[in-house]
Amino acid sequence: MRDCLSWRKGAILAALVGVCLLAAPVLCREEGEPGEGAPQEAGTPAPPSSKPSAAKPTMRKAAGGFHYTWEKGLSALEKLDIRVGGVDLVDQSRHLVKTIPSMAAFLTLNHVLKFIMKTKLKLHTFPHTLTGMLLLFGGLCFTETKNAAKVVDFMEPATTLLTNFLPSFFIPALIVAPLAARDIPGIDIAKFLAIISIALTGGAGFTGHLVQGLQRLDGQKPAKQGGAKASPSNAAFKSWFSPEIEKLFAAVTALSGAAALAVPQAKPTFFVATTFLSFIFASRIPRVFSPMIRQYWHPLMTTYSAATITFILFAQLSGMGFFELLQEYMVGGGSMFAAAGNFIMFWLEPSIISFAFGLYARRTLLQANFMPIMAGTFISTVLGIFTLAGLNRAFDPAHEIKLCLLPKATAALAVVQAAVLGASTSLTTVNCCITGIMGANFGTKFNDLFHIVDPIARGLATGCSGLALASAALVQADPAAFPFGALGMALTSTWATILYSFPPFAKLIKDTMGQPPVPKHLPTRADSGRFTAVLNRISKFGGA
């Protein structure tokens, strides 16, 4: 009987998810959608096909002999007659196969670096991913241009795939954020959000103008990007993902969700499918939004909302609590296969290493602006930390909230800084998530508001203030600034970790923030004896 009810619940979930999300591509399709006569938007991530071609109404297998190559590994799929819009399922499937060699190279490099740094060098505090990004970038710069170009071409398929999925790898940290924040009083949550908002806004404006000022002092003329007109926040939306990909993930989500209600072992598959479906759905749905809404509602917010609603529905149907589900979804400090959320976030590691290729593509600009970049990020980091300490003193939230707001780094290094400061790692992670989502949502708007026009300054302003998640959002929001956002995130995280490693600096920041009040007179053993004597006298008086 219980099995029958479980499968009935599964059918309900499959129907709800399938009907709502399988219909989304039809509801989201507008006239002028890519593949229907609309030109490709400049500055958006390239589609997966290696050579640009006009949109085709169908895909059929080309004539000719069959030779096994990575490109022809999906020849069976090419027999299908699929209606396409922009990028079709076969093209993206072929691109996925082409990524296998380069993705294997990224994973190997990631594993080797982690083994050397953690096991051999015992460097447990500094992330191997940032080390890999900087080493790979340096290696490309010192390699002959012709050979470096071959490496770039070989790694391009995996780099494109990781870049387009990059924001989705942060989603698990956002989804489980309520676990850490559920016991925080409402007034402290309000103070927490106010401090982050003020620090983010001020930090973005200050860093951008600081870098542009340092460029002028260094004899460089900031490049004009066209101000608000050039900001992709005002541009027409274009999704890298096809309707067929969305339908495929919707089907997998519905089927795995139905199975998970009867067989708990299917939950990880359902969790992973739901997360990626929510991201793909969020990447396509903005085409139905007005330009005004599109500017102020980031797809990551849609991703979080869609995934959370689906998980709440699943929790209700399965009879488990929502927080219990979140604990199964992601295990803090767990390995890649500890839980579904851990598996998704693992892909941040090769993604961060792949930032090296974006930096290499702009190596000429980096070389010309080396001093403004290094000095600008250092000054921004120091003043940003003192700003956070001052805002903590002004708003005076609970002491544990104050401490978790002080780390200024991407999550991997923020946890290290939290350990030095004595802050809660879970609350520090929530701080990173909220800062990142605000930076992703409003980073380009701040750049436009403060008239920051140089792509280097725009990237550093976003990366230094909004860190990893905000930098990832630049992939689509401001592609020219994205590599500098990644560099700003890496340098800010490194500078802050080095500064906090000096006890006098950490103590100075804590003193600036305001230490918790200490009782003027702590109870002693003598006090305890006098208190006991008083109680004895009272008891004797009561007995008399």
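Just so we're aligned: the sequence shown equals residues -28 to -1, 1 to 516 in mature numbering (1 follows the signal peptide of the UniProt record, and there is no 0). For every residue, glycine included, the Cβ atom is placed at its ideal position computed from N, Cα and C.
Q. What residues in its chain sit with their C-beta under 8 Å from that of C376, if we drop five residues either side in the sequence?
A. Mapped onto the sequence shown, residue 376 falls at position 404. The answer, listed in chain order, is A390, A395, S396, L399, T400, V402 and N403.
Q.
On the DSSP letters alone, give me the boundaries of the alpha helix (DSSP H) that F78 sits inside.
A. Here the question's residue 78 lines up with position 106 in the sequence shown. Residues L61 to K86.
**Q.** Which listed residue (I168, T434 and I325) has its alpha carbon closest to that of S416
**A.** Within the sequence shown, numbered from 1, the residue matching residue 416 stands at position 444. Per the sequence shown, the amino acid found at residue 416 is Thr instead of Ser. For the residues I168, T434 and I325, the minimum Cα distance to T416 belongs to T434.
Q) What is the residue span of the alpha helix (DSSP H) that V425 lies within? A) In the sequence shown, counting from the first residue as 1, residue 425 sits at position 453. Premise fails: V425 is in no alpha helix (DSSP H) and is neither H nor E.
**Q.** Euclidean distance between Cα positions of M410 and S74
**A.** The residue you call residue 410 lines up with position 438 of the sequence shown. The residue you call residue 74 lines up with position 102 of the sequence shown. If I take the Cα positions, the gap works out to 33 Å.
Q) Under a three-way DSSP split, which group does W467 fall into? A) The sequence position of residue 467 within the sequence shown is 495, counting from 1. Here W467 sits in helix by DSSP.
Q. How long is the line joining the alpha carbons of M343 and A176, rounded to whole angstroms?
A. In the sequence shown, residue 343 corresponds to position 371, counting from 1. In the sequence shown, residue 176 corresponds to position 204, counting from 1. Approximately 19 Å between the Cα atoms of the pair.
Q) P29 to G191, Cα distance in whole Å? A) Start at 1 with the first residue of the sequence shown, and residue 29 comes out as number 57. Start at 1 with the first residue of the sequence shown, and residue 191 comes out as number 219. For P29, the predicted model reports a pLDDT of 38, less than 50, meaning its position is unreliable; a value from the coordinates is still stated below. Those two C-alpha atoms are separated by around 53 Å.
Q | Alpha-carbon spacing of T241 relative to F251, whole angstroms | A | As a position in the sequence shown, residue 241 is number 269, starting the count at 1. As a position in the sequence shown, residue 251 is number 279, starting the count at 1. The straight-line gap from Cα to Cα measures roughly 16 Å.
**Q.** Cα-Cα separation, S352 to V183
**A.** The residue you call residue 352 lines up with position 380 of the sequence shown. The residue you call residue 183 lines up with position 211 of the sequence shown. For S352 and V183, the distance between alpha carbons rounds to 9 Å.
(Q) Distance check for L297 and G460, CA to CA, integer angstroms please. (A) Stepping through the sequence shown from its first residue, residue 460 is reached at position 488. Stepping through the sequence shown from its first residue, residue 297 is reached at position 325. Near 35 Å, if we compare the C-alpha coordinates of L297 and G460.
Q | Where N119 falls, given that 16 or more other Cβ within 10 Å makes a residue buried | A | The residue labelled residue 119 in the question sits at position 147 within the sequence shown. So N119 counts as exposed.
(Q) Just to confirm my understanding: we take F456, look at its own chain, exclude 5 residues before and 5 after, and list those with CB closer than 6 Å. What are they? (A) Along the sequence shown, read from residue 1 onward, the residue named residue 456 stands at position 484. The answer, listed in chain order, is I428, G431 and L432.
Q. What three-state label does DSSP hand T115 in the structure shown?
A. Residue mapping note: residue 115 aligns to position 143 of the sequence shown, counting from 1. Correct three-state label for T115: coil.
Q: Give the secondary structure of I156 by DSSP, where H, G and I count as helix, E and B as strand, and everything else as coil.
A: Here residue 156 refers to the residue found at position 184 of the sequence shown. Three-state DSSP puts I156 in coil, outside helix and strand.
**Q.** Cβ-based burial, A171 [other Cβ within 10 Å; buried from 16]
**A.** In the sequence shown, the residue the question calls residue 171 occupies position 199. Buried: at least 16 other Cβ atoms inside 10 Å.
Q. Starting from S396 and walking both ways along the alpha helix (DSSP H), at which residues does that stretch end?
A. Numbered from 1 along the sequence shown, position 424 holds the residue referred to as residue 396. Careful: S396 lies outside any alpha helix (DSSP H) and carries neither H nor E.
Q: Could you tell me whether the stretch 320 to 328 touches the stretch 94 to 113, using the rule of 3 or more Cβ pairs below 8 Å?
A: yes
**Q.** heavy atom of the ligand GTP below 6 Å from Q64 C-beta
**A.** What this structure holds is no ligand at all, so the ligand GTP is not there to describe.
Q. Roughly how far, in whole angstroms, is the beta-carbon of T469 from the beta-carbon of V388, given that I think they are within contact range, below 8 Å?
A. Looking up residue 469 in the sequence shown gives position 497. Looking up residue 388 in the sequence shown gives position 416. 6 Å between Cβ atoms; contact.
Q: Could you tell me whether the Cβ atoms of L249 and F221 are closer together than 7 Å?
A: In the sequence shown, counting from the first residue as 1, residue 249 sits at position 277. In the sequence shown, counting from the first residue as 1, residue 221 sits at position 249. In this structure, F221 lies closer than 7 Å to L249 by Cβ.
Q.
Quick check on L95: buried or exposed, where buried means 16 or more other Cβ atoms within 10 Å of its Cβ?
A. Counting from one through the sequence shown, the residue named residue 95 turns up at place 123. L95 comes out exposed.
Q) Can you name the start and end residues of the alpha helix (DSSP H) that H371 belongs to? A) Here the question's residue 371 lines up with position 399 in the sequence shown. Per DSSP, H371 belongs to the alpha helix (DSSP H) from H371 to L377.
Q.
I'd like the list of long-range same chain contacts for G293, defined as Cβ closer than 7 Å, with 5 residues on each side in sequence excluded.
A. As a working mapping, residue 293 is identified with position 321 in the sequence shown. So the list reads A287, once near-sequence residues are dropped.
Q: Starting from the N-terminal side, write out each stretch of the alpha helix (DSSP H) that is 4 residues or longer and does not extend beyond the stretch 432 to 483.
A: 454 to 472
Q. Roughly how many angstroms separate the alpha carbons of A34 and L337, rounded to a whole number?
A. Position 62 of the sequence shown holds residue 34. Position 365 of the sequence shown holds residue 337. Because A34 carries a pLDDT of 37, less than 50, the predicted location of this residue cannot be relied on, and the following value inherits that uncertainty. The straight-line gap from Cα to Cα measures roughly 43 Å.
Q. Which residues in the same chain have their Cβ closer than 6 Å to the Cβ of A458, if we skip the five residues on either side of it in sequence?
A. If you number the sequence shown from 1, residue 458 lands on position 486. Closer than 6 Å at the Cβ level, and outside the excluded window around A458, lie F327 and S443.
Q: Assuming M264 and K374 form a contact by the criterion Cβ under 8 Å, report the distance between their Cβ atoms to the nearest whole angstrom.
A: If you number the sequence shown from 1, residue 264 lands on position 292. If you number the sequence shown from 1, residue 374 lands on position 402. No, M264 and K374 are not in contact; Cβ-Cβ is about 36 Å, not under 8 Å.
Q. To which residues of the same chain is A384 closer than 6 Å at the C-beta, ignoring the five residues directly before and after it?
A. For the purposes of this step, residue 384 is taken as residue 412 along the sequence shown, with counting starting at 1. Excluding positions up to five away in sequence, the list reads P99.
Q. So, helix, strand or coil for M317, using DSSP?
A. Here residue 317 corresponds to residue number 345 of the sequence shown, with the count starting at 1. In the structure shown, M317 sits in a helix (DSSP, three-state: H, G or I).
Q: Output the distance between the C-alpha atoms of A361 and I481, rounded to the nearest integer angstrom.
A: Looking up residue 361 in the sequence shown gives position 389. Looking up residue 481 in the sequence shown gives position 509. Those two C-alpha atoms are separated by around 6 Å.
Q. Given 8 Å as the limit, is there contact between the stretch 62 to 73 and the stretch 129 to 139, that is, 3 or more CB pairs closer than that?
A. yes
Q. Helix, strand or coil for D125 per DSSP?
A. Looking up residue 125 in the sequence shown gives position 153. Helix, per DSSP.
(Q) Please classify G305 as buried or exposed, where buried requires at least 16 neighbouring CB atoms within 10 angstroms. (A) In the sequence shown, counting from the first residue as 1, residue 305 sits at position 333. Classification for G305: exposed.
(Q) Which residue marks the beginning of the alpha helix (DSSP H) containing I252, and which one marks its end? (A) Locating residue 252 in the sequence shown gives position 280, counting from the first residue. Where I252 is concerned, the enclosing alpha helix (DSSP H) stretches over K239 to R256.
Q. Taking just the CA atoms, how far does N419 sit from T274?
A. Here residue 274 refers to the residue found at position 302 of the sequence shown. Here residue 419 refers to the residue found at position 447 of the sequence shown. When rounded, the distance between both Cα atoms is 23 Å.
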